[in-house]
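Worksheet for the structure shown next.
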Amino acid sequence: MNIDLKGKKALVCGSTQGIGKAAALKLAACGASITLAARNEDSLKLVINELDVNDKQAHSFIAQILIPQMFLSIK
-17 MNIDLKGKKA LVCGSTQGIG KAAALKLAAC GASITLAARN EDSLKLVINE LDVNDKQAHS
43 FIAQILIPQM FLSIK
């Protein structure tokens, strides 16, 4: 199933593996602009590169959302 998400933005936490990565890839495939959040910078770069290959707009930042200050800094 494909949903048109062009012009929409999505924040995906835990986006470097498992369900989070699958969700990020699917959202991007549907046209959403993706922001990835995860704890590992190298893993984030790999997923960003995978999205960039598919000409999708993506951004990333390192975050541990269980730490209140990091969670509150998300904008």
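Going by the working numbering, the first residue of the sequence shown is number -17, and it counts up by one from there.
Every residue gets a Cβ at the ideal spot worked out from N, C-alpha and C, and that includes glycine.
- Here C(-5) is near G2, since their CB atoms are less than 8 Å apart.
- Burial is judged here by how many other beta carbons sit within 10 angstroms of a residue's own beta carbon; A4 has fewer than 16 and is exposed.
- The C-alpha of S(-3) lies about 18 Å from the C-alpha of K(-10).
- Taken atom to atom, the span from the alpha-carbon of L9 to that of A(-8) is near 7 Å.
- DSSP places I44 in the uninterrupted beta strand (DSSP E) bounded by 40 to 44.
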